[in-house]
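Contents: one structure, followed by commentary.
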Amino acid sequence: MAITRDVAQKAAERLSPWRDTREWMARAETLGELRVVHGANWESEIGAITEMLDHAEESPCVVFDDIPGYPSGHRVIVNCSGNPARQAVTLGLPPESATHDGLFSFWRGVLEDFSPIPPVEVATGPIFENIVEGDAIDLEAFPVPVWHPLDGGRYIGTASMNILKDPDSDWVNVGTYRNQIFSRDTMGMYISPGKHGRLIRDKYLARGERIPVAVVVGADPLLFMASCAEGIPYGQSELDWAGGVRGEAVEVVRGKHTGLPFPANAEIVIEGWIDPEERHDEGPYGEWMGYYASGEGQTPVIRVAAIYHRTNPILLGCPQGKPPHEDNRFLAYLKSALIENQLKRAGVPKITGVWCPPVSGNRMMTIVAVDQSYPGHATQALLVGGQTGTSAYAGRIVVAVDPDIDIFDMDDVLWAIMTRCDPDRDITIIKRAWSGPLDPAIHPDERGFNSRLLIDATKPWEWKDRFAEPVVTAEVSRETRRQWGWILDPQAPDPRM
Ligand SMILES: Cc1cc2nc3c(=O)[nH]c(=O)nc-3n(C[C@H](O)[C@H](O)[C@H](O)COP(=O)(O)O)c2cc1C
Ligand SMILES: [Mn+2]
Numbered sequence: 015m016a017i018t019r020d021v022a023q024k025a026a027e028r029l030s031p032w033r034d035t036r037e038w039m040a041r042a043e044t045l046g047e048l049r050v051v052h053g054a055n056w057e058s059e060i061g062a063i064t065e066m067l068d069h070a071e072e073s074p075c076v077v078f079d080d081i082p083g084y085p086s087g088h089r090v091i092v093n094c095s096g097n098p099a100r101q102a103v104t105l106g107l108p109p110e111s112a113t114h115d116g117l118f119s120f121w122r123g124v125l126e127d128f129s130p131i132p133p134v135e136v137a138t139g140p141i142f143e144n145i146v147e148g149d150a151i152d153l154e155a156f157p158v159p160v161w162h163p164l165d166g167g168r169y170i171g172t173a174s175m176n177i178l179k180d181p182d183s184d185w186v187n188v189g190t191y192r193n194q195i196f197s198r199d200t201m202g203m204y205i206s207p208g209k210h211g212r213l214i215r216d217k218y219l220a221r222g223e224r225i226p227v228a229v230v231v232g233a234d235p236l237l238f239m240a241s242c243a244e245g246i247p248y249g250q251s252e253l254d255w256a257g258g259v260r261g262e263a264v265e266v267v268r269g270k271h272t273g274l275p276f277p278a279n280a281e282i283v284i285e286g287w288i289d290p291e292e293r294h295d296e297g298p299y300g301e302w303m304g305y306y307a308s309g310e311g312q313t314p315v316i317r318v319a320a321i322y323h324r325t326n327p328i329l330l331g332c333p334q335g336k337p338p339h340e341d342n343r344f345l346a347y348l349k350s351a352l353i354e355n356q357l358k359r360a361g362v363p364k365i366t367g368v369w370c371p372p373v374s375g376n377r378m379m380t381i382v383a384v385d386q387s388y389p390g391h392a393t394q395a396l397l398v399g400g401q402t403g404t405s406a407y408a409g410r411i412v413v414a415v416d417p418d419i420d421i422f423d424m425d426d427v428l429w430a431i432m433t434r435c436d437p438d439r440d441i442t443i444i445k446r447a448w449s450g451p452l453d454p455a456i457h458p459d460e461r462g463f464n465s466r467l468l469i470d471a472t473k474p475w476e477w478k479d480r481f482a483e484p485v486v487t488a489e490v491s492r493e494t495r496r497q498w499g500w501i502l503d504p505q506a507p508d509p510r511m
């Protein structure tokens, strides 16, 4: 395995990588970022608590243990990378990097000259501590929660890594697709149209061939991040991508039935086959836009051939729901940096920042700051910024702003929209863009496409030099806060004394 010099240098600035979820937990605990909760039930309490954690800014990572009906030590972990401090742990960064700027500069650096590192195969690993096959297979042997009150069942895959191999090449794609338990040894895999996993799945289905699949439901937080990071190119393995981000190859072993690779240090892996003809009712499920929009449908069925798990296994959970939820809090950084990078590669100059706010599920709103330098520049930023590999799916509103707007402050962005945009001149609607069955704004029988609102909230190019002078700018506000912010806290001492 060759590590390029750049990656090795970058890795050197980082902490030594943790090996698995357990080491990740130990690091989070040292920072006071992890809490163990005993006795919450799987039927409703774990789901309700997770929803509460998602909607509090600085909530801890929670490990649920002693779940009624299950052996002590059979755990569920949620909210791993839900704040900057724990994102830094996940990325192997020192605590000083746990800031907006720290996380952005990390991702910008990694993506600037990115070199993927393919996984290395190892002889065995902790994932083979327990091998369950035949009649012993029971997906409900794990304390799988009902995450939302109206869910159609127990979802074992919410932060899952669904591993599928392209039948025409060596490409091993990994994606997070929800997995509902149907019976002791069957489960679903719901993939919406356009995802790489769906394109691969459909190749097998069109040929009438059974599909080999491995689903990691006890992934570590970094591999989960790779698995749901939209914008990793078609044809590139998320395992290689994760290796590149980590600066070290992912160690994999191969499933005994399908030969598919999966992480040697995973907690729980389910391996099996999808019959091309078999279907099962799936859903409803509390989805990422905050609705049970796609209702109940039919999905292919994974027939489980083996379950591998570590002793005292840890199920990784990241249920969806009304945004923001955990993944929105970490994907905001990664996706914004990816879109910025893709804009640059597409030849759009002078983009000064991109933000996909967590409250938009990192999809429904993309904000692009552009230092407009020629007529049509803002329009170019809007069109390309809203349609990159990372931003195209299920968008709704794209906003272009000038560099003086604080894109991380929704008040500032709204102020720009309300004061620099004249709807008749600055609003464009794009039709027939990529959406899907989960979009509640589209008639249930007509889902697939949606339209996009492009808002040019930059000063009009032709007379930007005559545009009214702002009373205050984000830059001035920031500087005032830096110097005088202590006054906001009546208890804080006067630093000038
Ligand atoms: C927590 C979470 C759950 C997700 N669930 C699904 C899902 O059930 N179905 C789906 O198609 N995409 C889902 N996604 C989005 C995909 O994981 C994401 O688009 C991924 O990049 C797809 O990878 P692919 O293009 O390689 O298939 C989910 C994302 C997250 C963060
Ligand atoms: Mn992919």
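Residue numbers (this note's numbering): 15 to 511.
Ideal Cβ placement from N, Cα and C applies to all residues, glycine included.
Note that the structure is predicted; figures quoted are calculated from it, not measured.
For Thr325, I'd like the list of residues in its chain whose CB is within less than 7 angstroms of its CB, leaving aside the five on either flank, ordered along the chain. Here the set comprises Glu143, Asn144.
Tell me whether Ile91 counts as near ligand 1, meaning its Cβ is closer than 7 angstroms to at least one heavy atom of that ligand. It does not: the Cβ of Ile91 is nowhere closer than 7 angstroms to a heavy atom of ligand 1.
Closer than 7 angstroms to ligand 1: residues, by C-beta to nearest heavy atom, in chain order: Those residues are Thr172, Ala173, Asn187, Val188, Gly189, Thr190, Tyr191, Arg192, Tyr204, Ile205, Ser206, Lys209, His210, Gly211, Arg212, Ser241, Cys242, Ala243, Glu244, Ile246, Glu252, Trp302, Cys332, Gln334, Asp341, Leu345, Tyr407, given in chain order.
At 4 residues or longer, and completely inside the segment 41-128: list those alpha helix (DSSP H) runs for me, N to C. Counting only runs of 4 or more, we get 59-68, 98-104, 114-126.
Residues in the same chain with beta-carbon distance under 6 angstroms from Glu65, minus the five sequence neighbours each way, listed in chain order, please. Excluding residues within five positions, the ones whose Cβ falls inside 6 angstroms are Gly335.
Answer with buried or exposed for His323, where buried requires no fewer than 16 other C-beta atoms within 10 angstroms of its C-beta. For His323, the number of other beta carbons within 10 angstroms of its own is at least 16, and it is reported as buried.
Roughly how many whole angstroms lie between the Cα atoms of Thr35 and Ser174? Each residue's Cα considered, the two are about 14 angstroms apart.
Cβ atoms of Arg89 and Ile328: under 8 angstroms apart, would you say? Yes, these two residues count as a Cβ contact at 8 angstroms.
Using the DSSP secondary-structure output, state which residues sit across from Leu178 in a beta bridge. Secondary-structure assignment with DSSP links Leu178 through a beta bridge to Asn187.
Do you know whose CA, among Thr433, Asn55, Glu301, lies nearest Ala482's CA? Checked all of Thr433, Asn55, Glu301; the closest Cα to Ala482 is Thr433.
Taking DSSP as the reference, what is the three-state secondary structure of Ala26? A caution first: Ala26 carries a pLDDT of 44, below 50, which makes its placement in the model unreliable, though a value can still be read off. In the structure shown, Ala26 sits in a helix (DSSP, three-state: H, G or I).
Taking only the alpha-carbon atoms, compute the straight-line gap between Leu502 and Pro509 and give it to the nearest angstrom. Roughly 13 angstroms between the two C-alpha positions.
Report the three-state DSSP secondary structure of Val264 (helix, strand or coil). Reduced to three states, the DSSP call for Val264 is coil.
For Tyr248, does the count of other Cβ atoms within 10 angstroms reach 16, so buried, or fall short, so exposed? With fewer than 16 other beta carbons inside 10 angstroms of its own, Tyr248 counts as exposed.
Determine the DSSP secondary structure at Arg446, reduced to helix, strand or coil. Annotated three-state conformation of Arg446 is strand, per DSSP.
Beta-bridge pairing of Ala414 - partner residues as DSSP gives them: Assignment of beta-bridge partners to Ala414 by DSSP yields Val382, Asp470.
Report the three-state DSSP secondary structure of Pro389 (helix, strand or coil). DSSP places Pro389 outside both helix and strand once states are collapsed to three, so it counts as coil.
Kindly say whether Gln356, judged by its beta-carbon, lies nearer than 8 angstroms to any beta-carbon of chain B. Checking the listed chains, one finds no chain B in this structure; it contains a single protein chain.
Give the secondary structure of Met15 by DSSP, where H, G and I count as helix, E and B as strand, and everything else as coil. The predicted model places Met15 with a pLDDT of 33, which falls under 50 and marks its position as unreliable; any figure quoted below should be read in that light. In the structure shown, Met15 sits in coil (DSSP, three-state: anything other than H, G, I, E or B).
How many Å lie between Glu71 and Lys179 at the Cα? Distance between the alpha carbons of Glu71 and Lys179 is about 38 angstroms.
Roughly how many angstroms separate the alpha carbons of Thr18 and Ser58, rounded to a whole number? Caution is warranted here: a pLDDT of 43 is assigned to Thr18, below 50, making its placement in the model unreliable, and the coordinate value is therefore given only provisionally. Looking at the two C-alpha atoms, the distance is approximately 48 angstroms.
Could you tell me which of His52, Asn93, Gln401 sits nearest to Ile83, measuring between CA atoms? Position check: residue 83 holds Gly in this sequence, whereas Ile was assumed. For Gly83, the nearest C-alpha among the options comes from His52.
Count the other CB atoms, across all protein chains shown, that sit within 10 Å of the CB of Gln394; report buried if there are 16 or more and exposed otherwise. That one is buried.
Local conformation of Ala319 per DSSP, three classes: Strand at Ala319.
Exposed or buried, Pro437, counting other C-beta atoms within 10 Å across all chains shown (16 or more means buried)? Classification of Pro437: exposed, given that the 10 Å Cβ count is below 16.
Going by the CB atoms, is the gap between Thr380 and Ile421 shorter than 8 angstroms? For Ile421 and Thr380, no; Cβs fall outside 8 angstroms.
Could you give the distance in angstroms between the alpha-carbon of Leu164 and the alpha-carbon of Glu340? Going from the Cα of Leu164 to the Cα of Glu340 covers about 20 angstroms.
Selection from Cys370, Tyr191, Trp369, Pro454 that minimises the alpha carbon distance to Pro314: Nearest C-alpha to Pro314: Tyr191.
Best match in Leu125, Gly46, Pro181 for proximity to Tyr347 [C-alpha to C-alpha]: Residue Leu125 is the option with its Cα nearest to Tyr347.
Less than 8 angstroms separating the beta-carbons of Ala256 and Ala280? No, these two residues do not count as a Cβ contact at 8 angstroms.
Select from Thr494, Gly245, Val229, Ala392 the residue whose C-alpha is nearest the C-alpha of Lys478. Closest in alpha carbon position to Lys478, among Thr494, Gly245, Val229, Ala392, is Ala392.
Cβ-based neighbour list, Ala455, same chain, cut-off 6 angstroms, excluding 5 preceding and 5 following: Answer for Ala455: no residue qualifies.
Going by DSSP, what residues sit across from Arg461 in a beta bridge? DSSP output for Arg461 lists Phe463 as bridge partner(s).
Buried versus exposed call for Gln23 [16 or more other C-beta atoms within 10 Å across all chains shown]: Caution applies to Gln23, whose pLDDT of 49 falls short of 50 and renders its modelled position unreliable; the model cannot decide the point.
Within the same chain, show all residues whose beta-carbon is closer than 6 angstroms to that of Ala25, passing over the 5 residues directly before and after it, in chain order. Residue confidence is low: Ala25 scores 44 on pLDDT, short of 50, so the model does not pin down where it sits. Its coordinate-derived value is still stated next. So the qualifying residues of the chain are Gly261.
From Ile431 to Thr487, what distance separates their C-alpha atoms? Taken atom to atom, the span from the alpha-carbon of Ile431 to that of Thr487 is near 15 angstroms.
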